[in-house]
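Presented below is the structure to which this report refers.
2 protein chains.
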Amino acid sequence: MPWPQEVNIRDGRFVINSNFTISVTKNSSKRIKVATTKFLRRLSGRTGVFIDNGFAFNSSKIKNPSLAITFNRIGKLEIYEDESYELKVSDTKIYIHANTDLGVIHALETLLQLMTTSHDSYYFPKVTINDKPRFTWRGLMIDVARHFQPVDVLKRNLDAMAAVKLNVFHWHLTDDQGFRIESKSYPKLHELGSDGLYYTQSQIKEVVEYASDRGILVVPEIDVPGHATAILTAYPEIASKDTIYSIERFSGIFNPTLDPTNSKTYEILDSLFGELANLFPGKYIHIGGDENEGKHWDENLKIQKFKKKNNLITNHDLQTYFNLKLEKILAKYGKSIMGWEEIMTNNMTTTALIHSWKGVNENVAAGESLIKAAKKGYNTVLSNGYYIDLMQPVSKHYLVNPIPVNNNLTLKEKQRILGGEATMWTELVTSLNIDSRLWPRTAAIAERFWSDEKITNLESMYKRLEYVSFRLEELGITHLRNRNVILRNITNNQQTESLDVLTKICEPLKIYTRNAGGIEYKTYSPFTLFADACTVDASDSFKFNKSINHFLNDQNSKNTEELIRFFDKWITNYTKFKNLNRNPILTTILPLYKNIASVSKIYKNVLLHKKVTKKQLKEINNLLLELKKPIVDVELAIYEDLNKLFIFFNKKRTNFKI
Amino acid sequence: MPWPQEVNIRDGRFVINSNFTISVTKNSSKRIKVATTKFLRRLSGRTGVFIDNGFAFNSSKIKNPSLAITFNRIGKLEIYEDESYELKVSDTKIYIHANTDLGVIHALETLLQLMTTSHDSYYFPKVTINDKPRFTWRGLMIDVARHFQPVDVLKRNLDAMAAVKLNVFHWHLTDDQGFRIESKSYPKLHELGSDGLYYTQSQIKEVVEYASDRGILVVPEIDVPGHATAILTAYPEIASKDTIYSIERFSGIFNPTLDPTNSKTYEILDSLFGELANLFPGKYIHIGGDENEGKHWDENLKIQKFKKKNNLITNHDLQTYFNLKLEKILAKYGKSIMGWEEIMTNNMTTTALIHSWKGVNENVAAGESLIKAAKKGYNTVLSNGYYIDLMQPVSKHYLVNPIPVNNNLTLKEKQRILGGEATMWTELVTSLNIDSRLWPRTAAIAERFWSDEKITNLESMYKRLEYVSFRLEELGITHLRNRNVILRNITNNQQTESLDVLTKICEPLKIYTRNAGGIEYKTYSPFTLFADACTVDASDSFKFNKSINHFLNDQNSKNTEELIRFFDKWITNYTKFKNLNRNPILTTILPLYKNIASVSKIYKNVLLHKKVTKKQLKEINNLLLELKKPIVDVELAIYEDLNKLFIFFNKKRTNFKI
């Protein structure tokens, strides 16, 4: 995963043993050194094989390597670069050939995914693979403004990105809630705009180099002119409204906006983009540009006058004026502009890269701007449909094609669609839970960006995703291990088993609904709660869904017993849960668990006795009404299936056949 | 933990709710800002309470804070600094007062440890505490040469150190296996001596500042003239033997040694120590000086001539000559010398700090050099007895008193014993398992360094240690969560429960014996094996020990059933284990588990039937002979207790009373 373009598996295997060696084309690269060394560590770590040689050899120094790597040149981190590779495993030898070292590192990830276990060996199956990406832009955006994410969180996620062949890290560095990058020219930006949580320029360089070693381009974003509270906390003199600013603690869309009529605004941005240009070798700098509603522009007489004078009719025109000034500043530093779709105004130069994000939530057709941009001559990238912070099932994202199937684009226009980007906004996401919000779902999106558009089988995707998910642990990804950390915390270090069972049928509330119900999360609210231990695609809800379908299809004893086992599990574990020493957090979870156990008991009785009474149906109905409601910021992932069973019993009433 | 000097607990509680606020003396410090912010996050994270104010207030800005903090001045990170504090919790208010901000951060950690849970609230008990450390030097050494430990590993461990009031981080930066610090003056040192695994100077500054914010002094160590293979890989021209050097991959004591007669040696070290002096504001620089056997000196004619010419009789004299030159270099940069006990030679100035490490393993009395140093007028620090990499039980380290009880030291001499340092050598330790090797045992050692020497109750220590251990998770310590990561890896993502049960009665081999049995670990060997999932003080072995003692004391049915439950657990889980899809790693573990299950079955039968046959005794004896042997790098922690039971049955033979 992502599934390669061409795969030929044959009988036979290459067995991994301590003599395993790697040779690399004479003119190796730092990227290859890092990748081959890491490859050997990962292979050894998985298999327990004490590999004699911990480093790859220069090809002139070894005669008969296990794995021979050849490539022609060092790849550049820019669009349309050649990332293709060939991988051939025979019984006795493995070959990797690629035009660039980027292809080689992709091939090494594929090879690691091929590693298989039998009772007596770890091996690679005999295979020939020819592979290359469908899209040149395969991105992941991480918002480090809403919640700061330390360097090590980014590094482990860059490793995970590389493992699934993503090649663009879009670094959302500023927003109302924080300015996260050290500025040497305007230090108040990070000093006053970050609560001390920012990346030093050395750290930025460190991350950029780390990404480059993994074949990943870093695109920094400074979000202007809206989403600018943190900037204005440092420099209120460039605000559109004369007021006191302080770092925003809540989530939402806020009014603080830079003043596009003030020359000081451009002075500061010029310096800042100059610093960025030095730190980020890539071509693109993302200037945000989204969600500026212009309220403070409307309230400001000076700005109104400026608009009139310069014949700027709407706020949109004013923002175009602003964006074009930025475009020139960036051009001066040899950079191109990238921005959210709002920057695509009439005068915007077609060298701009348009980032399409709006969809049904914003009352427009999904990815509408993508088509529009391609038609107007812009390169464009799709994020609508890949908002993984919304806590929607992986299947939903997986089936979004970056090039809509029913489109009326010419081939040339299609080619302007460079790919897509998953976006991780972090209003509800800290370094404790970020990995479980990103992974494994991002791996499925990565497949969408890399593999043939015909690869859409959900069952195959789920199966492979589980494997990829587990293997991400070796890169330090914490999505699996941190669940119990949270459960130990909320139980005050008691047995977590019963709660663990509950997390497997509960999912965090979706699409910004977690802020409902009286509680409004701030940046520093606790994200160590039950909902934070739960994830999308709750694992037992899948299994239960299968069992319910089996039963509804055929009420034989096997299918009945299958269901009863689920109900027993929830009944037993509720008892265990009830016996824990209670504390305020556990108390809030109790009603949910109690209702699940109650409905399980009734269903179990109905199944055992093969009949259902009116009273039971009424009780089930009442319990389901409760279970439908969100509670402790989660929803019950098995609710629909419990309800299907109710509908079935309600129809059958008594004496249904088992 | 560490237990305070004076504690007065009374009835009553301060309940934590969303109105919780903190005020700090007008002249706050960065240290206090970091500590109070982190305090609020941790409190909120533990309790799920949405605390309205995420930051502390300046005391002039708030009238009636929940927690009022006052202090007189910013503390210095140097020996004998005042770290005392007073903490008073009433029903409605909490006061912290300290002379320095160092005292305040200790008080905040104490307060967090006091947090308690009831069914309806989280609260602090009413208490008055007056506290100060017994020793001024409470250190932890981490070796980053044998296995490099990334910055985030150090940071989370600095947090953990602060949580148990340790105040010295001794950073073992160089050894045969790696030179881990960027040198601007002699860049080949890190370029050729580190495999690319080193700290940049920015990262060093970052760690030093992070430590300082937590009240921790950082003492860097450059180990010379021995342990120098990595240095000589970069600069063979300053070696005592003219040969080709390359980074050492094995563990042990090696011969490569700097040439103390070569002026270039001092040129390089002078530059290097100059760079260190700029990076580390603390007074001490550790120059190692240990385990130089002088073999290459003996082989080198030029060096022999030099000795004769300068009237240096022994190699020890030559090393003194070398150390005194270093002492002068350090003095030039305003630094004092610290070194392992070998530097305590006749001419060594008494400003040197002597680090006592040898003991019975080195055929001398434990900490002999400590007493000697104190008597000779040196300040000194004890590490013998605190070698936590040896995988010995926490009780062993806990009971080592830095000032031996039977000593003939004067008060003044005693005062020269500044404290102690736990040492984590990392031959077998990577960032995956380091936390489980450090914690929770280091917390008990921290108590030894801080608390009154009369605090030695093991039962109390174990109980409190378990709590501290679990709470370390909130600081990112991975000792608990990473166990299942390893188990998932070796099972290839199957159920880990049965193996988890096994880890609770197995302990990694102790005192360097892991390298026996045919396998010799290299730096890049796999440390992802079963032994790496096991820890010292295996938890079920404690419980089993209690049950065995109960039974041996009284063979009533309750005690018998208690034992049978253990045997059942191992029998059942062995069956589960046996049913896993086998792979080569699981296969190596199988004989161990099988023997445990077999002996459990026999013991269970004996207990059920209340009699033992000769045949059974013979079988048990044979199984115990097997179980006594190390296997897969672990030893069976319940072996002694299984054997006690055998001896008991062997005496009783038949018809023992149950």
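As they're listed, the protein sequences go chains A and B. The number in our numbering is simply the position in the first sequence, starting from 1, with 277 added. The number in our numbering is simply the position in the second sequence, starting from 1, with 277 added. Quick reminder that beta carbons are idealized off the backbone N, C-alpha and C, glycines included. Since we're looking at a predicted model, the values are computed, not measured.
Cβ of residue i within 9 angstroms of any chain B Cβ
i: residue 342 of chain A; result: no
i: residue 410 of chain A; result: no
i: residue 326 of chain A; result: yes
i: residue 467 of chain A; result: no
i: residue 806 of chain A; result: yes
i: residue 698 of chain A; result: no
i: residue 473 of chain A; result: yes
Residues near residue i in its chain [Cβ-Cβ closer than 6 angstroms; skip 5 each side]
i: residue 646 of chain B; result: 618 and 633
i: residue 824 of chain B; result: 839 and 840
i: residue 908 of chain B; result: 869
i: residue 480 of chain B; result: 428
i: residue 542 of chain B; result: 515, 535 and 536
Cut-off 8 angstroms between Cβ atoms - residues of its own chain near residue i, not counting five sequence neighbours on either side
i: residue 638 of chain B; result: 788
i: residue 857 of chain B; result: 768, 771, 772, 775 and 863
i: residue 918 of chain B; result: 818, 821, 822 and 825
i: residue 764 of chain B; result: 773, 776, 777, 780 and 810
Pick from the options that is closest to residue i, judged by C-alpha positions
i: residue 523 of chain B; options: B/552, B/538 and B/466; result: B/466
i: residue 599 of chain B; options: B/438, B/797 and B/574; result: B/574
i: residue 359 of chain A; options: A/377, A/366 and A/345; result: A/377
i: residue 525 of chain A; options: A/556, A/701 and A/798; result: A/798
i: residue 508 of chain B; options: B/478, B/857 and B/459; result: B/459
i: residue 751 of chain B; options: B/315, B/643, B/660 and B/564; result: B/315
i: residue 756 of chain B; options: B/375, B/433 and B/559; result: B/433
i: residue 435 of chain A; options: A/489, A/456, A/385 and A/727; result: A/489
Separation of residue j from residue i, as counted between CA atoms
i: residue 760 of chain B; j: residue 630 of chain A; result: 45 angstroms
i: residue 423 of chain A; j: residue 922 of chain B; result: 60 angstroms
i: residue 322 of chain A; j: residue 910 of chain B; result: 16 angstroms
i: residue 540 of chain B; j: residue 546 of chain B; result: 10 angstroms
i: residue 289 of chain B; j: residue 724 of chain B; result: 27 angstroms
i: residue 792 of chain A; j: residue 707 of chain A; result: 16 angstroms
i: residue 850 of chain A; j: residue 762 of chain A; result: 19 angstroms
i: residue 641 of chain B; j: residue 425 of chain B; result: 31 angstroms
i: residue 497 of chain B; j: residue 710 of chain B; result: 23 angstroms
i: residue 556 of chain B; j: residue 610 of chain B; result: 12 angstroms
i: residue 476 of chain A; j: residue 431 of chain A; result: 11 angstroms
i: residue 783 of chain B; j: residue 912 of chain B; result: 6 angstroms
Contact with chain A by residue i, beta-carbon distance below 9 angstroms
i: residue 455 of chain B; result: no
i: residue 415 of chain B; result: no
i: residue 766 of chain B; result: yes
i: residue 796 of chain B; result: yes
i: residue 710 of chain B; result: no
i: residue 704 of chain B; result: no
i: residue 843 of chain B; result: no
i: residue 820 of chain B; result: no
i: residue 832 of chain B; result: no
i: residue 395 of chain B; result: yes
Cut-off 7 angstroms between Cβ atoms - residues of its own chain near residue i, not counting five sequence neighbours on either side
i: residue 400 of chain B; result: 290, 291, 292, 293 and 393
i: residue 607 of chain A; result: 550, 562, 613 and 614
i: residue 282 of chain A; result: 407, 408, 409 and 729
Flag this pair as touching only if the region 816 to 823 of chain B and the region 719 to 738 of chain B have three or more C-beta atom pairs under 8 angstroms; answer yes or no. The region 816 to 823 of chain B is not in contact with the region 719 to 738 of chain B.
Does the contact criterion of 3 or more C-beta pairs under 8 angstroms hold for the region 577 to 594 of chain B versus the region 655 to 668 of chain B? Between the region 577 to 594 of chain B and the region 655 to 668 of chain B there are fewer than three C-beta pairs closer than 8 angstroms, too few to call the two in contact.
Segment contact, 8 angstroms Cβ cut-off, at least three pairs: the region 361 to 368 of chain A with the region 322 to 333 of chain A: Taking 8 angstroms as the limit for Cβ pairs, the verdict is that the region 322 to 333 of chain A does not touch the region 361 to 368 of chain A.
Stretch-stretch touch, CB-based, cutoff 8 angstroms, three pairs: the region 379 to 397 of chain B with the region 411 to 423 of chain B: Touching, no, given that fewer than three Cβ pairs across the two stretches are closer than 8 angstroms.
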